[in-house]
Amino acid sequence: MSVAAGAAGDGRSLVADKTGVPESRFVWLGQIHSAAVAVVDELWPASDGPITIPQTDGVVTNLPGVVLAVLTADCVPVLARDAHAGVIGAAHAGRRGAQGGIARGLVAAMAGLGADPSRIEVSLGPCASGARYEVPAQMRDEVEAALPGSACVTETGAAGLDLRSGLARQLRDCGVRSVESSEVCTIGESSHFSHRRGDWERFATLIWMADGPSD
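Note that UniProt numbering has the sequence shown beginning at 1, numbered continuously upward.
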């Protein structure tokens, strides 16, 4: 699920209202463009409200009713689930996090909670597309070395990055068989926020389980 979160903290309350899930069951990320993945395997008192995990860009859980939330504009929102094991994950994959292996770390953290990589289903959401994400050639080559499949040429003939393509390849190398990639480009489509277009607002992409593991 994706909804507009706005630029300020108040937008997070609006996101909770749209889901019907209490705000106290939301987990937000510090989002520092890292490859760090946290594990949430214990509930916290509802009176404590939502939590934000600092110094991390990914999170996994096996707890029903806990909403994992990612804020993005041009970076890639990554959602993952193993319905059989009752394990879900979410990640904010910017250039540095993707280059650092956050997709691989997300799969490993889910496996640590009992997920089977071959059963994990992943969705890569709207982000800056390879057709429009221009970067210096040296940067493209450095990212490609760590995230094979990400280097590309933009529609203007410049050096570019297709992070969704690189992430999908990394996920498959980890044993994930089901990877769906959105074709939406946040830079090219005005219906989505984009830092490269000067927007400072972001979309919230969410995943949660209403129930536990499926049979």
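For glycine and all other residues, C-beta sits at the position ideal for the given N, C-alpha and C.
Neighbourhood of residue i by C-beta, 6 Å cutoff - its chain only, sequence neighbours within 5 removed
i, result
"Gly-125", "Pro-77, Ser-182, Thr-205"
"Ser-129", "Cys-185"
Beta-carbon spacing of residue i, residue j below 8 Å
i, j, result
"Arg-81", "Ile-207", "yes"
"Cys-127", "Thr-56", "no"
"Val-87", "Val-176", "no"
"Asp-116", "Ala-90", "no"
"Pro-50", "Glu-23", "yes"
"Ala-159", "Arg-140", "yes"
"Gln-170", "Ala-103", "yes"
Three-state secondary structure assigned by DSSP to residue i
i, result
"Met-139", "helix"
"Ser-150", "coil"
"Gly-100", "helix"
"Ser-34", "coil"
"Glu-42", "coil"
"Thr-19", "helix"
"Gly-65", "coil"
"Val-70", "strand"
"Gly-58", "strand"
"Val-176", "coil"
"residue 216", "The first residue shown for the chain is 1 and the last is 215, placing residue 216 beyond what the model contains."
"Gly-130", "coil"
"Gly-94", "coil"
"Arg-25", "helix"
"Gly-11", "helix"
"Val-3", "Since pLDDT at Val-3 reaches only 43, below the 50 mark, its modelled position is unreliable, and the value read off the structure follows with that caveat. The answer is strand: DSSP assigns Val-3 an E or B state."
Integer-rounded CB distance, given that residue j should sit under 8 Å from residue i
i, j, result
"Leu-29", "Val-59", "6 Å"
"residue 227", "His-92", "The structure shown has nothing for residue 227, since the chain only spans 1 to 215."
"Gly-166", "Ala-98", "6 Å"
"Asp-41", "Leu-113", "7 Å"
"Arg-95", "Leu-43", "The pair is not a contact, with the Cβ atoms about 34 Å apart (cut-off 8 Å)."
"Val-27", "Ala-69", "7 Å"
Nonlocal neighbours in the same chain, by C-beta distance under 8 Å from residue i, ignoring five residues either side
i, result
"Glu-180", "Glu-121, Val-122, Ser-123, Leu-124"
"Val-21", "Gly-65, Val-67, Trp-208"
"Ser-178", "Ile-120, Glu-121, Val-122"
Own chain partners of residue i with C-beta closer than 7 Å, once the 5 adjacent residues on each side are dropped
i, result
"Arg-132", "Thr-154, Glu-155, Cys-185, Ile-187, Gly-188"
"Ser-13", "Glu-23"
"Met-110", "Val-60, Ala-80, Asp-82, Val-87, Gly-89, Ile-120"
Near the ligand ATP: residue i beta-carbon under 7 Å from a heavy atom
i, result
"Ile-102", "The ligand ATP is absent from the structure shown, which contains no ligand whatsoever."
Any chain D beta carbon closer than 8 Å to residue i
i, result
"Gly-130", "In summary, chain D is missing from the structure at hand, where a single protein chain is found."
Inset, instruction - Report yes or no: do three or more beta-carbon pairs, one from the stretch 146-157 and one from the stretch 22-37, lie closer than 8 Å? - result: Too few Cβ pairs lie closer than 8 Å, so no.
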